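Asks:
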Amino acid sequence: MQPIATTFFFYFLSALTVLSGVLVITRKNPVHSALALIVALLAQAALYLMLYAPFVAGVQIILYAGGIMVLFLFVIMLVNIEQSQREEQFNKQWIIGLASAIALGALFVFVFAKSKSLFPDRGISMPEGSNTQQVAVLLYGNYMFAFEIASLLLLVAIIGAVVMAKKRI
Amino acid sequence: MEWHGFRRALRDGTNEGLQPWGRSSIAPITTLHYLVVAAALFVLGVIGVLTRRNVVIVLMSIELILNAVNLNLVAFSRIWGLHGQIFAIFVITDAAAEAAVGLGILIAFFRNKETVNVDEINLLKW
Chain A
8 MQPIATTFFF YFLSALTVLS GVLVITRKNP VHSALALIVA LLAQAALYLM
58 LYAPFVAGVQ IILYAGGIMV LFLFVIMLVN IEQSQREEQF NKQWIIGLAS
108 AIALGALFVF VFAKSKSLFP DRGISMPEGS NTQQVAVLLY GNYMFAFEIA
158 SLLLLVAIIG AVVMAKKRI
Chain B
3 MEWHGFRRAL RDGTNEGLQP WGRSSIAPIT TLHYLVVAAA LFVLGVIGVL
53 TRRNVVIVLM SIELILNAVN LNLVAFSRIW GLHGQIFAIF VITDAAAEAA
103 VGLGILIAFF RNKETVNVDE INLLKW
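Okay, structure coming up:
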């Protein structure tokens, strides 16, 4: 039996995510864009909770809303945004860009309308309480090598960011 | 309980006739709903990347695109097991690395050219 709260919260969180996404790409001030992006990320974390993925939701909140967005705001404070706010916000090819993006959206709509039977409605039942444990078993079992490669990637990113941002090595 | 619908579902392998609420109009939330939301986020991110001139907002649009992909992966992990969630975690790791390196490049660029306009980055342009 489908509870009605699921439907309500799905539409509420989806509308919040999409509206915040629209605000991200239309605001003139980058700080406002970053704040809208934080709202979108938090609403998406709630959508993950609705999909029985509490560990991914926690990672999303801690890493995205807590880490990456602080980095973004910090860099926005470092660069000079007064001058860029006075300039034109959209580039000269914006009509072509918008048209190709809308064509991409039409392609998505076409594929989803055609392949409706490809996506089954009923999923496997996953216990929410042991989600973190199962993710950990997969992460340290099947995906051990990819996990180590990810740590190497983060090391490379740290060194690269320091090399790029430092004035003189 | 609609017994005929249930028997038809058993026979044909579809759940077309199964409606838990009888003739209620509220449709349950399926995987396709989540895919549509993710596609909308993806298109918004593509619009931001293609039309904005501010590099910071272009990077934020890339984050929107990665989040749309993550939503797809987690929605599919509802159906086919936990592997999608693992991949979503790896995508988040990639997003963190990309944001760090991209913002480092942005700071270096701003130090040289005193602007954040993406049209000014044209030294390698043909």
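For the protein sequence lines, the chains are A and B, in the order given. This note's numbering numbers the first residue of the first sequence as 8 and each following residue consecutively. This note's numbering numbers the first residue of the second sequence as 3 and each following residue consecutively. Each residue gets a CB set at the ideal place from its N, CA and C atoms; glycine is no exception. This structure is a prediction, so every number in the text was calculated from the model and none was measured.
#1: Which residues of chain B have a Cβ atom closer than 8 Å to the Cβ of MET171/A, listed in chain order?
#2: With a cut-off of 8 Å on the beta carbons, I'd call VAL189/A and ILE88/B a contact; round off their distance for me.
#3: Tell me, please, whether the CB atom of THR14/A is closer than 8 Å to any CB atom in chain B?
#4: Name the residue from ILE75/A, PHE79/A, ALA50/A and ILE32/A whose alpha carbon lies nearest to the alpha carbon of ILE109/B.
#5: So for PHE78/B, helix, strand or coil by DSSP?
#6: Please identify the residue among SER122/A, ALA41/A, TYR71/A and ILE68/A whose C-alpha is closest to the C-alpha of THR33/B.
#7: Under 8 Å: do the region 51-70 of chain A and the region 109-125 of chain A share three or more Cβ pairs, one atom per stretch?
#8: Do the region 93-106 of chain B and the region 31-51 of chain B meet, that is, are 3 or more Cβ pairs less than 8 Å apart?
#9: Under a CB-based cut-off of 8 Å, is GLU65/B close to chain A?
#10: Considering Cα atoms alone, identify which of PRO30/B, VAL39/B and ILE49/B is closest to GLN100/A.
#11: Considering Cα atoms alone, identify which of ILE32/A, ILE11/A, LEU30/A and ALA41/A is closest to VAL77/A.
#12: Tell me which same chain residues have a C-beta within less than 7 Å of the C-beta of LEU161/A, skipping the five on either side of it?
#13: Is LEU161/A helix, strand or coil when you go by DSSP?
#14: Chain A beta carbons: is any one of them nearer than 8 Å to that of LEU126/B?
#15: Tell me, please, whether the CB atom of ASN69/B is closer than 8 Å to any CB atom in chain A?
#16: With PRO30/B as the anchor, note down where its alpha helix (DSSP H) starts and where it stops.
#17: Between GLU95/A and chain B, is any beta-carbon pair separated by less than 8 Å?
#18: Counting Cβ pairs, one atom from each stretch, are 3 or more of them under 8 Å apart for the region 45-64 of chain A and the region 71-87 of chain B?
#19: Give me the chain A residues within the contact set of ASN119/B, using Cβ-Cβ distance strictly less than 8 Å, ordered along the chain.
#20: Report the CB separation of LEU43/B from ASN69/B in whole angstroms; it is logged as a contact under 8 Å.
#21: So, under 8 Å CB-CB, ARG54/B and ILE32/A are touching, yes? Tell me the CB distance rounded to an integer number of Å.
Replies: Inspection of the coordinates gives the following:
#1: VAL103, GLY106, ILE107, ILE109 and ALA110
#2: There is no way to answer for residue 189/A, as the model of chain A reaches only from 8 to 176.
#3: yes
#4: PHE79/A
#5: helix
#6: SER122/A
#7: no
#8: no
#9: yes
#10: ILE49/B
#11: ALA41/A
#12: none
#13: helix
#14: no
#15: yes
#16: Counting along the chain, PRO30/B falls outside any alpha helix (DSSP H), and DSSP gives it neither H nor E.
#17: yes
#18: yes
#19: SER91 and GLU94
#20: 6 Å
#21: 7 Å
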